[in-house]
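Chains as they are written, first to last, in my numbering: chain A, 9 to 465; chain B, 9 to 465.
Report on the structure given below.
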């Protein structure tokens, strides 16, 4: 292979150039001419190139690949995209491709195909026993992300035999860094690093050189929990076992990297009020996903309008109040969003166990009070100097300060309550916070103003 | 060791109980009695327990540990927390501890200590040559996160000798999954998996069994770029080399997991307008970090107030306009935040190379127009029915629709422009978007209203 491909990625030179040439060729009427160059780039880059061309072209290019080549590309695509790309294939072709792919990738794709196509494809596959059990588990659980490509040895074999087992299995299982050690009922009892095995005396028993401490999870464990375990304890793999500690599969750290990215994306999207969306997916899909949130947001702003409407006579007498509506709402909004984000991220990173919830609320209350005083004082003085009305300054300052405290507390409490209800702490929390910042903010601001309206005119 | 520690983490039973008991003991006047139980939990859990007690107690507990034990705990703490915890130690004690820690961990802590303490500690250390080069690199670069604990062999040695080298080095370097292969000038020429080495005929040359394709990076490569390389190409390690391809260190996938979490956290904090902040850090630190953003936000809401003030006479004639101010601003804000979040996340995940920026803007423009029409129509009808004024409905609907399009485009464009200027795409982008949503929204809304004021009364 060409040594120049090992370029420093800052300047991905040759690689980037090659990609650009393939990209150009792929624009042609037929994908054929692009094929040989296409096969020269890394499968991860092939997957990216495919995601950039239209569906028909993507499907016909996939058809030109050998099953093994196609399987490699599919492994690097998002499961939804992969399922879309193979949707038009006959079950025979698809079976051949999925037999070459990792069982976890095959299962992810099969789960997303129409039932009949999925069933026919599965029937045509050789690796049915590997894939079928994986189809049972939900995508976001340990069972859904594990693979059954691992090497296991019995504790009572010798190091020499274990090395022989590794030799046979190393061809099908890539990236073996450790062997799982089982007893005679296939229950997990330890693990054995390849380095340690390679350096051990051949006559020693696996039981004597293995590490008996293996952290493991049940198949229904949430993927986020798996990710925090791996991160916390610096694991490079995480076995999945049933109630009797029998091995069902293994989660590799590489797969969890994707999980962490997904979970972070999901939290950000929830904060911004968007559903699962692909940057370049079909536009109508995006409309369908954003519209419910937009209408929900509209409803909450109409709620805020109702509050203002309720105090219409006050606003009519003191029009200057209208000017400060966005200040009151905006400061509450930012105060609430700050604490909301800290808490959601803290929960996601496992830094906020239940027993620290109360201390956190106390801490945020103190911070809210400090910020409320510091911001309320400034905007109060600004309002006074601007409009020459001391009472207006007091009302605006009080409203801003109080709103920051309240919105901050709501921002901290909402995700904690959602978690206690076993719901996603990020989902809908931002809507609650901005609604409170608007509605409660205006109620406080205009409520105080109405009671003091004669000294404001 | 106790087998029951291998519990299924759902129910972390024994482990959780043990943690609770240590936690209780740590509340006592002296940390001594907690020590033996403390040492029974995993160093990652020890780090968490330490983060929960006050600084004085944390420091005195650390003093009771053997250097090797203390080093293990420090490896699992955030570098800032670790530096804080060892700040009161004499250089002698600290040197002994850092000698036992990984050179990357030692360097991270030394970088954060006062210069004199750092220098004295370094002078007392045995592992100076390992740590010193790491001190040069910025924290968020490949050089800053790499470790120099790796095993390298020359391409012209035999497999048998390579195995011997591995045997010697395996004791100091944990988690070896591959050997780096170098030529006689120590330039990186390939890699060799331990499994492959273990299974090779002893007389074969490393050059004949190695993989000549190794992706690598320069020491000043941004850590985010390293993370996307590792994720994209499913690497388990990433060598760092100088201009002559000489190896400087290696980045392990486990370390990059932390990097990805950090980068996601940073983006979320930027979106919420918070600086780097710890959930339970000193409250005054939080105030210092949030206050600038709060005052900046205050300034932008005052800008919005100025716009309303400019149209004061219009609002005075048609008080109903005040009601719809939060609707116009709120809908622009959410439209802008949705696209902003999609683009920032797309950039972070590497899904948005420069050449796709224009197509993205086009796509978001179309979406903004669709959403603007759909939302503008609904709120227009609502305003008409509510206030019985058709022209008011038209003005509100137009303003909401136009504001959603504009805020959406600003939300999509801002991070792309920031990136083009080689700045962090998330930093300050949310401020720009909400300011535009408020200020431009009110300008459009009240501007149209002012020109049609006679038909609105």
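No residue lacks a Cβ here, since even glycine has one placed at the ideal position from N, Cα and C.
Every value quoted in this text rests on a predicted model; they were computed, and no experiment measured them.
Under a three-way DSSP split, which group does residue 247 of chain B fall into? Here residue 247 of chain B is taken as the residue at index 239 of the second chain, counted from 1. Strand.
Between the alpha carbons of residue 138 of chain A and residue 284 of chain A, how many angstroms are there, rounded? As a first step, residue 138 of chain A is located in the first chain; it is residue number 130 there, counting from the start. As a first step, residue 284 of chain A is located in the first chain; it is residue number 276 there, counting from the start. Cα to Cα, the separation comes out at about 29 Å.
Considering residue 323 of chain B, what are the terminal residues of the alpha helix (DSSP H) in which it resides? Along the second chain, read from residue 1 onward, the residue named residue 323 of chain B stands at position 315. 320-325 is the span of the alpha helix (DSSP H), which, as asked, contains residue 323 of chain B.
Within the chosen definition, does the region 374-391 of chain A reach the region 439-452 of chain A through at least 3 CB pairs nearer than 8 Å? Put simply, the region 374-391 of chain A does not touch the region 439-452 of chain A. Fewer than three CB pairs are less than 8 Å apart.
Could you spell out the range, first to last residue, of the alpha helix (DSSP H) harbouring residue 63 of chain A? Along the first chain, one-based indexing puts residue 63 of chain A at 55. For residue 63 of chain A, the enclosing alpha helix (DSSP H) starts and ends at 63-72.
By Cβ distance, which residues of its chain are closer than 7 Å to residue 212 of chain A, with the 5 residues on each side in sequence left out? The sequence position of residue 212 of chain A within the first chain is 204, counting from 1. 166 and 167.
When you compare the CB of residue 397 of chain A with every CB in chain B, is at least one pair closer than 8 Å? Taking the first chain and counting its residues from 1, one reaches residue 397 of chain A at position 389. Taking Cβ atoms only, chain B never reaches closer than 8 Å to residue 397 of chain A, which makes this a no.
Looking at residue 248 of chain B and residue 259 of chain B, is the spacing between their C-beta atoms short of 8 Å? The count along the second chain starts at 1 and reaches residue 259 of chain B at position 251. The count along the second chain starts at 1 and reaches residue 248 of chain B at position 240. Against a cut-off of 8 Å, the Cβ pair of residue 248 of chain B and residue 259 of chain B comes out as a contact.
Taking 8 Å as the CB-CB limit, is residue 81 of chain A close to chain B? As a working note, residue 81 of chain A is residue 73 in the first chain. Answer no: the Cβ-Cβ gap between residue 81 of chain A and chain B never drops below 8 Å.
In angstroms with no decimal places, state the Cα-to-Cα distance between residue 352 of chain B and residue 74 of chain A. Taking the second chain and counting its residues from 1, one reaches residue 352 of chain B at position 344. Taking the first chain and counting its residues from 1, one reaches residue 74 of chain A at position 66. Cα to Cα, the separation comes out at about 37 Å.
Does any residue of chain B have a CB that is nearer than 8 Å to the CB of residue 50 of chain A? Translated into the one-based positions of the first chain, residue 50 of chain A becomes position 42. Yes, residue 50 of chain A counts as interfacial toward chain B.
What does the Cβ neighbour count give for residue 465 of chain B, buried or exposed, with the cut at 16 atoms within 10 Å? Along the second chain, read from residue 1 onward, the residue named residue 465 of chain B stands at position 457. Exposed: under 16 other Cβ atoms inside 10 Å.
As assigned by DSSP and simplified to three states, the class of residue 121 of chain A: By one-based count along the first chain, residue 121 of chain A stands at place 113. Taken through DSSP and simplified to helix, strand or coil, residue 121 of chain A comes out as coil.
Which listed residue (A/98, A/219 and A/313) has its alpha carbon closest to that of residue 390 of chain B: Mapped onto the second chain, residue 390 of chain B falls at position 382. Comparing Cα-Cα distances from residue 390 of chain B to each of A/98, A/219 and A/313, the minimum goes to A/313.
Can you give me the Cβ contacts of residue 347 of chain B inside the same chain, cut-off strictly under 6 Å, excluding the 5 residues immediately before and after it? Against the second chain, residue 347 of chain B aligns to sequence position 339. Same-chain partners within the cutoff: 372, 416, 419 and 420.
Of all the options A/104, A/107 and A/50, which has the alpha carbon lying nearest to the alpha carbon of residue 85 of chain A? Stepping through the first chain from its first residue, residue 85 of chain A is reached at position 77. For residue 85 of chain A, the nearest C-alpha among the options comes from A/50.
Pick helix, strand or coil for residue 138 of chain A, following the three-state DSSP scheme. Indexing the first chain from 1 puts residue 138 of chain A at position 130. In this structure, residue 138 of chain A counts as helix in the three-state DSSP scheme.
Determine the DSSP secondary structure at residue 289 of chain A, reduced to helix, strand or coil. Taking the first residue of the first chain as position 1, residue 289 of chain A is located at position 281. Of the three classes helix, strand and coil, the one that applies to residue 289 of chain A here is coil, per DSSP.
Residue 224 of chain B: which of B/210, B/198, B/396 and B/54 sits nearest, CA to CA? The residue given as residue 224 of chain B occupies position 216 in the second chain. Out of B/210, B/198, B/396 and B/54, B/198 has the C-alpha closest to the C-alpha of residue 224 of chain B.
CA-to-CA distance, residue 141 of chain A to residue 123 of chain A, given in whole angstroms: Locating residue 123 of chain A in the first chain gives position 115, counting from the first residue. Locating residue 141 of chain A in the first chain gives position 133, counting from the first residue. Cα to Cα, residue 123 of chain A sits roughly 16 Å from residue 141 of chain A.
Anything in chain B within Cβ reach of residue 317 of chain A, meaning under 7 Å, just list it in chain order. Working through the first chain from its first residue, we reach residue 317 of chain A at position 309. Neighbours of residue 317 of chain A in chain B, taken as residues at a C-beta separation under 7 Å, are given in chain order as 331.
On the three-state DSSP scale, how would you describe residue 165 of chain B? Taking the second chain and counting its residues from 1, the one referred to as residue 165 of chain B is at position 157. In the structure shown, residue 165 of chain B sits in coil (DSSP, three-state: anything other than H, G, I, E or B).
On a Cα-Cα basis, can you pick out the residue from B/156, B/151, B/115 and B/103 that is closest to residue 132 of chain B? Numbered from its first residue, the second chain carries residue 132 of chain B at position 124. For the residues B/156, B/151, B/115 and B/103, the minimum Cα distance to residue 132 of chain B belongs to B/103.
So, does the region 203-220 of chain A touch the region 229-241 of chain A, judging by three or more C-beta pairs under 8 Å? no
Nearest chain A C-beta to residue 376 of chain B closer than 8 Å, yes or no? Along the second chain, one-based indexing puts residue 376 of chain B at 368. So no, residue 376 of chain B is outside the interface.
Would you mind working out which of A/409, A/462 and A/145 sits nearest residue 452 of chain A, comparing C-alpha positions? One-based indexing of the first chain puts residue 452 of chain A at position 444. The option with the nearest alpha carbon to residue 452 of chain A is A/409.
Whose C-alpha, out of B/163, B/327, B/318 and B/322, is nearest the C-alpha of residue 322 of chain A? One-based indexing of the first chain puts residue 322 of chain A at position 314. The candidate whose alpha carbon is nearest that of residue 322 of chain A is B/327.
With DSSP collapsed to three states, give me the class of residue 282 of chain B. The sequence position of residue 282 of chain B within the second chain is 274, counting from 1. Of the three classes helix, strand and coil, the one that applies to residue 282 of chain B here is coil, per DSSP.
Is the region 78-97 of chain A close to the region 268-280 of chain B, with three or more CB pairs under 8 Å? no
Given that a residue counts as buried once 16 or more other Cβ atoms are within 10 Å of its Cβ, and exposed if not, what is residue 294 of chain A? Mapped onto the first chain, residue 294 of chain A falls at position 286. With 16 or more other Cβ atoms within 10 Å, it is buried.
Below 9 Å on C-beta distance, what does residue 382 of chain B contact in chain A? On the second chain, residue 382 of chain B is found 374 positions in, with the first residue counted as 1. Simply 295, 299, 302 and 303.
Three-way DSSP call (helix, strand, coil) for residue 49 of chain A in this model: Start at 1 with the first residue of the first chain, and residue 49 of chain A comes out as number 41. Of the three classes helix, strand and coil, the one that applies to residue 49 of chain A here is coil, per DSSP.
Quick one, are the C-beta atoms of residue 369 of chain B and residue 412 of chain B less than 8 Å apart? Stepping through the second chain from its first residue, residue 369 of chain B is reached at position 361. Stepping through the second chain from its first residue, residue 412 of chain B is reached at position 404. No, they are not a contact pair.
Run through chain B and tell me which residues come within less than 9 Å of residue 174 of chain A, C-beta to C-beta. Mapped onto the first chain, residue 174 of chain A falls at position 166. What residue 174 of chain A touches in chain B: 203, 206 and 207.
Suppose contacts are defined by Cβ-Cβ distances below 8 Å. Is residue 106 of chain A in contact with residue 114 of chain A by that definition? Looking up residue 106 of chain A in the first chain gives position 98. Looking up residue 114 of chain A in the first chain gives position 106. In terms of Cβ geometry, residue 106 of chain A and residue 114 of chain A form a close pair [threshold 8 Å].
3 or more residues per run - each beta strand (DSSP E) lying fully within the region 195-271 of chain A: 196-201, 245-249 and 255-260
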